[in-house]
Structures are given as structure tokens and as C-alpha cells.
Amino acid sequence: MAEGGTRPLVASLEPEWLSATAETSKQLLSIDCTVSVEFCEEADIISYPTIRWMGRTEDKIEMSRYRGPRRAAAIVSFARRTMTKGLVYVQKDQLKSFKTSDDVVFLLNPGGADDRHLRKNYHILASRHTDRFTFGIADKALDKSEVVAPGTVVRYMTNEEPKLNTGEVTLSALERFVEAASAPAIGQVTRRNEMKYLKSGKSIVYIFATTDAERSAFKSSLRSLARQFEEYLSFVTVDAVEYADMAPGLGLKPGVFPALAVQNPRMGQMFPYQQGAKITEQAVNDFVMAIVQGQVRPMHHGQAPSHDEL
0 MAEGGTRPLV ASLEPEWLSA TAETSKQLLS IDCTVSVEFC EEADIISYPT IRWMGRTEDK
60 IEMSRYRGPR RAAAIVSFAR RTMTKGLVYV QKDQLKSFKT SDDVVFLLNP GGADDRHLRK
120 NYHILASRHT DRFTFGIADK ALDKSEVVAP GTVVRYMTNE EPKLNTGEVT LSALERFVEA
180 ASAPAIGQVT RRNEMKYLKS GKSIVYIFAT TDAERSAFKS SLRSLARQFE EYLSFVTVDA
240 VEYADMAPGL GLKPGVFPAL AVQNPRMGQM FPYQQGAKIT EQAVNDFVMA IVQGQVRPMH
300 HGQAPSHDEL
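In numbering that gives the first Met the number 0, the protein residues as written are 0 to 309.
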């Protein structure tokens with residue numbers, strides 16, 4: 000981790016970094032860029048805090064940028080994936096633990112007519128997405144209890160049913176499968192993916208919360224609703240500490256969390272949910288339907304937060 004100064008983002012990351020350091024046997028270091036200026040310049044670090052993985056391969060130093068949630072569990076998962084290049088060989092007795100080893104894991108059940116071609120493309124796929132997901136290859140074909148045919152890629156995700164790729168095994172087809180299959184019912188906004196949501200063509204339901212536990216609780220309670228509206232709405236949680244500056248831009252008063260707002264990026268409209276009111280599945284459903292029926296007046300960029308219309 001590269002850091003410097005005493006800004007709030009550095010202070011909020013420090014306990015998570017210390018927790019990650021305690022959870023892994025890998026060497027995690029913190030570098031003060033206000034002191035080690037030359038090192039940070041050579042590593043092209045122009046803003047901080049930032050997290051990088053650095054490793055030596057023969058005579059070359061490799062580096063990977065981390066753009067995920069600034070939470071200990073996510074950082075540890077990133078370190079583990081990077082060290083293994085994101086690809087592991089899974090024995091039959093390891094399958095159960097592998098399925099839950101990360102939030103999203105992909106497993107190739109080898110075999111089939113295109114086995115050689117599929118393996119080659121799968122290795123490329125793993126190398127491209129090692130910073131995001133864990134990829135595995137079953138050491139031997141899975142037994143019938145897994146209901147996964149040879150030559151199939153299966154996605155396992157926390158609190159979701161397994162999803163199979165039964166189509167083409169070209170690299171582009173596998174890329175599309177990974178992108179679609181890795182999308183959770185409720186995602187989490189990060190620096191890396193915020194533009195993806197804004198350009199998706201869907202309206203976005205933002206759920207702000209200050210702790211992992213609170214965000215997880217909202218994901219659990221609103222998951223069915225998110226699946227119900229997934230064709231039209233993207234539900235996302237927001238770390239209200241790291242992204243506190245997003246709240247006013249969505250018509251929310253700063254510092255009042257948990258909070259919820261709906262944004263229509265295409266029309267430049269925001270619909271802030273009444274702060275202080277409980278965020279339940281029924282309440283959010285009613286709020287969304289009220290927006291659809293034109294019963295809630297939208298706010299626009301630059302307009303001061305107000306909840307009179309609610």
C-alpha cells in the first residue's frame with residue numbers, strides 16, 4: 000500500500016490494511032510516498048492511498064493495480080489470486096472449499112471434443128481476470144452429483160445458484176460468459192466499475208452504508224427485488240465512508256446513512272429516498288413504483304437536496 004499524509008481515505012484504509020496483514024502470510028507493506036518519493040515515482044504512483052501487487056519474475060518486476068473495495072477480505076482475496084495467477088487445479092476433495100474460496104469462482108470441468116482449445120482459452124481468460132476472480136480446473140472430470148458435463152465452465156457465487164456455460168468455447172464467448180455470470184444481483188460501486196453502471200443504459204439504485212455488515216444485510220434483504228427489476232435497474236451498494244462525496248450529487252444530505260437514491264443517468268435525474276426512513280424491500284419497491292408512475296418529482300444536477308416531494 001502506498002500512502003501519505005493524514006487524509007480521511009488513508010485513515011479509513013489503515014485498519015483494513017492492518018487486518019489484511021494479520022489474515023495472510025503474504026508480505027504486505029505500507030510505504031509513505033511523502034518519504035519514499037523516488038520509489039513512488041518509479042512505480043508511477045501519482046495519488047494515494049493506492050494498493051499495488053509487485054513481484055519479481057526472472058529479471059522483471061511485475062505489477063498489478065488493485066481497484067476493488069478497500070476492505071480486508073477483498074484485499075486478501077486479491078493477494079491470493081495474484082500470487083496464484085488466478086488459476087488453481089482443484090482435486091475432488093477440494094471442490095467444496097474451492098466453491099466458497101472467493102465471492103466469484105469459475106471452474107472448468109475438462110473433457111469434451113474441444114478440450115484442448117477450451118483449456119487454452121480458459122488459461123488466457125484467467126490471466127486477464129486474475130485481479131477480479133478465482134479460476135480453477137478440475138483435476139479430473141467432476142462426478143455426476145455436480146451435474147456439469149465435461150467441457151463446461153461453471154460459475155459459483157455466494158448466495159447464487161451455479162451458472163453454466165453451455166455455448167461456444169471461443170475466447171470471446173467465454174469473455175461474455177464471465178462478464179454476465181459474474182454480475183451479482185446487487186453489485187458494489189468501486190473506482191473501477193462506476194462508469195460501467197453509468198453507461199449500462201439502466202437506472203441505478205444506490206444503497207449507501209458505512210460498514211460491510213450493513214451492506215451485506217441490504218444485499219440479502221433486497222436481492223429478490225433486484226432480480227425482479229434487473230432488466231431495468233442496477234442495484235448497487237456504496238461504501239459511505241470511501242465514497243461519501245457521491246451522496247450530495249444524488250440529492251442526499253451528507254453524513255446521514257444508511258441512505259438510498261435512484262439515478263437515471265440518461266436523463267440526468269436523481270430521486271433521493273427520504274433519509275431516516277427504513278430501507279426495506281417493500282419500501283424500496285413502493286418507491287421505485289412511485290417513480291415509474293410519475294409520483295416522485297426528480298431532482299437534477301446542481302439542485303439542493305430536498306425531500307418535500309416524498
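The beta-carbon is built from N, C-alpha and C at its ideal position, and this holds for glycine as well.
Note that the structure is predicted; figures quoted are calculated from it, not measured.
>> Just verifying my parser: in three-state terms, what is the DSSP assignment at Ser11?
In response: Three-state result, Ser11: helix.
>> Assuming Asp130 and Arg70 are in contact, meaning their beta carbons sit under 8 Å apart, how far apart are those beta carbons, in whole angstroms?
In response: Between Arg70 and Asp130 the Cβ distance is about 15 Å, and since that is not below 8 Å, they are no contact.
> Skipping 5 residues on each side, what residues in its chain have a beta carbon closer than 8 Å to that of Arg170?
Replying inline: One detail in the question is off: residue 170 reads as Leu in this sequence, not Arg. Sequence-distant Cβ neighbours of Leu170 in its own chain, meaning closer than 8 Å and more than five residues away, are Asn120, Ile123 and Leu124.
> Under three-state DSSP, which class holds Ile123?
Replying inline: For Ile123, the secondary structure class from DSSP, reduced to helix, strand or coil, is helix.
> By a C-beta neighbour count over all protein chains shown, 10 Å radius and 16 as the cutoff for buried, is Lys139 buried or exposed?
Replying inline: Exposed.
> Between the beta-carbon of Phe270 and the beta-carbon of Val261, is there less than 8 Å?
Replying inline: Their beta carbons are under 8 Å apart, which means Phe270 touches Val261 by this criterion.
> Assuming Phe97 and Val103 make a contact with CB atoms under 8 Å, what is their CB distance in whole Å?
Replying inline: No, Phe97 and Val103 are not in contact; Cβ-Cβ is about 12 Å, not under 8 Å.
> DSSP beta-bridge partners for His299?
Replying inline: DSSP, once it has assigned bridges, lists Gln268 as partnering His299.
>> Spatial neighbours of Asp114 within its chain, please: C-beta separation below 7 Å, excluding the five flanking residues on both sides.
In response: Excluding sequence neighbours, Asp114 sits near Gly150.
>> Taking the beta carbon of Gln294 as the centre, do at least 16 other beta carbons fall within 10 Å, making it buried, or is it exposed?
In response: Gln294 is exposed by the Cβ-count criterion.
> Does DSSP classify Val36 as helix, strand or coil?
Replying inline: Val36: helix per DSSP, three-state reduction.
> Do Ile74 and Ala19 have their C-beta atoms within less than 8 Å of each other?
Replying inline: Yes; because the gap between Cβ atoms is below 8 Å, this pair is in contact.
> Are Ala289 and Gln274 close, meaning C-beta to C-beta below 8 Å?
Replying inline: Taking 8 Å as the Cβ cut-off, Ala289 and Gln274 do not qualify as a contacting pair.
> Got a sec? Which residues, its chain only, sit under 6 Å from Asn192 by beta carbon, not counting five neighbours each side?
Replying inline: No residues qualify anywhere along the chain.
> Just reading off the alpha helix (DSSP H) that Thr81 is part of, what are its end residues?
Replying inline: Taken as a continuous stretch (DSSP letters only), the alpha helix (DSSP H) holding Thr81 covers Ala71 to Met82.
>> On a Cα-Cα basis, can you pick out the residue from Gln281, Gly250, Leu94 and Ser11 that is closest to Tyr272?
In response: Of the residues Gln281, Gly250, Leu94 and Ser11, the one whose Cα lies closest to the Cα of Tyr272 is Gly250.
>> At 3 residues or longer, what runs of the beta strand (DSSP E) sit wholly inside the segment 88 to 136?
In response: Inside the segment 88 to 136, DSSP marks whole beta strand (DSSP E) runs of 3 or more residues at positions 103 to 108, from first to last along the chain.
> Under a Cβ-count criterion, where at least 16 other Cβ atoms within 10 Å of its own Cβ denotes burial, should Ser202 be classed as buried or exposed?
Replying inline: So Ser202 ends up on the buried side.
> Where in the segment 136 to 200 do unbroken runs of the alpha helix (DSSP H), each at least 4 residues long, occur, reported from the N-terminal end onward?
Replying inline: Fully enclosed alpha helix (DSSP H) runs of 4 or longer: 170 to 180 and 193 to 197.
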